[in-house]
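Chains as they are written, first to last, in this note's numbering: chain V, 203 to 317; chain G, 178 to 296. Using N, Cα and C, we set each Cβ at its ideal position, and we do this for glycine too.
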Amino acid sequence: GAGVSQSPSNKVTEKGKDVELRCDPISGHTALYWYRQSLGQGLEFLIYFQGNSAPDKSGLPSDRFSAERTGGSVSTLTIQRTQQEDSAVYLCASDLRGRGRDTQYFGPGTRLTVL
Amino acid sequence: AQTVTQSQPEMSVQEAETVTLSCTYDTSESDYYLFWYKQPPSRQMILVIRQEAYKQQNATENRFSVNFQKAAKSFSLKISDSQLGDAAMYFCAYRRGIISSGSARQLTFGSGTQLTVLP
Numbered sequence: 203g204a205g206v207s208q209s210p211s212n213k214v215t216e217k218g219k220d221v222e223l224r225c226d227p228i229s230g231h232t233a234l235y236w237y238r239q240s241l242g243q244g245l246e247f248l249i250y251f252q253g254n255s256a257p258d259k260s261g262l263p264s265d266r267f268s269a270e271r272t273g274g275s276v277s278t279l280t281i282q283r284t285q286q287e288d289s290a291v292y293l294c295a296s297d298l299r300g301r302g303r304d305t306q307y308f309g310p311g312t313r314l315t316v317l
Numbered sequence: 178a179q180t181v182t183q184s185q186p187e188m189s190v191q192e193a194e195t196v197t198l199s200c201t202y203d204t205s206e207s208d209y210y211l212f213w214y215k216q217p218p219s220r221q222m223i224l225v226i227r228q229e230a231y232k233q234q235n236a237t238e239n240r241f242s243v244n245f246q247k248a249a250k251s252f253s254l255k256i257s258d259s260q261l262g263d264a265a266m267y268f269c270a271y272r273r274g275i276i277s278s279g280s281a282r283q284l285t286f287g288s289g290t291q292l293t294v295l296p
């Protein structure tokens with residue numbers, strides 16, 4: 203009955219370093235989403251996974267961003283060569299089947315600070 | 178592309194009073210869903226209420242209700258008997274419903290309204 207979990211809760215890194223953010227969705231949820239929440243841009247969609255289908259990467263802001271989902275469960279968002287503008291809260295959400303009527307449940311987010 | 182607009186960056190309400198948060202959206206689709214999410218300082222986004230576009234009846238959840246005006250593309254949230262625990266950032270969000278090739282089911286969010294509840 204656990205909700206969506208994310209780790210780490212906070213991450214501070216130096217410009218140019220790579221970071222990995224983890225999301226563990228609700229058990230049985232086939233759809234998983236990553237969003238970014240920043241002061242200047244609000245809440246933005248990044249990437250969407252649904253079952254075994256190819257992910258929708260249309261929201262990724264640059265090729266420094268990538269994500270994978272292993273075994274249809276845990277997902278990792280990787281940011282290479284971090285920049286200061288990557289500083290934001292990264293939110294993960296999951297829902298049952300990725301249909302419009304399904305409710306997305308969010309994790310507590312990872313706050314990324316790039317120095 | 179769909180857009181969601183929240184024109185009130187900040188609102189305040191006296192405890193036990195009623196407050197209405199505004200939201201408008203733009204879409205050319207006929208099948209969609211609208212949501213209000215609450216985000217307290219803990220960062221956890223919590224679903225408050227959901228409305229299916231095909232339903233004429235306004236959704237209600239205890240002290241929370243919406244005024245869904247489909248023709249006007251308006252979706253406001255009314256909080257009755259406001260409580261201190263209602264203080265949070267509130268986001269209006271849109272999600273398309275129809276399955277089509279290449280379409281995703283991500284939420285499109287408004288910019289949020291920060292609600293303060295005064296004791």
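Within chain G, partners of residue 233(V) - CB distance below 9 Å: 282
Listed by chain order, chain G residues near residue 291(V) by CB distance under 9 Å: 220
Contact set for residue 315(V): own chain, Cβ-Cβ below 8 Å, skip 5 residues either direction: 212, 213, 214, 215, 289
Any chain V beta carbon closer than 7 Å to residue 290(G): no
Length-filtered (3 minimum) beta strand (DSSP E) runs lying within the segment 207-264 of chain G: 209-216, 223-229, 241-246, 251-256
Selection of the segment 259-270 of chain V by Cβ proximity to chain G, strictly under 9 Å: 260, 261
Selection from 246(G), 190(G), 273(G) that minimises the alpha carbon distance to residue 207(G): 273(G)
Neighbour list for residue 310(V) in chain G, Cβ cutoff strictly below 8 Å: 219, 220, 221
Alpha-carbon spacing of residue 262(V) relative to residue 209(G), whole angstroms: 24 Å
Contact set between the segment 226-253 of chain G and chain V, restricted to residues whose Cβ is under 8 Å from the partner: 227, 229
Pair within 7 Å by beta-carbon distance, residue 288(G) and residue 179(G): no
Unbroken beta strand (DSSP E) run spanning residue 213(V), endpoints: 212-215
Contact under 7 Å by Cβ, residue 284(V) with residue 221(V): yes
Other residues of its chain near residue 266(V): CB distance less than 7 Å, five sequence neighbours each side excluded: 281, 282, 283
Neighbour list for residue 208(G) in chain V, Cβ cutoff strictly below 9 Å: 302
Classification of residue 258(V) by the beta-carbon crowding that lies within 10 angstroms, buried from 16 upward: buried
Neighbourhood of residue 228(V) by C-beta distance below 8 Å, restricted to the same chain and skipping five residues each side: 204, 205, 206, 296, 307
Residue(s) in a DSSP beta bridge with residue 281(V): 221(V), 267(V)
Distance between residue 212(G) and residue 239(V) (C-alpha atoms, nearest Å): 17 Å
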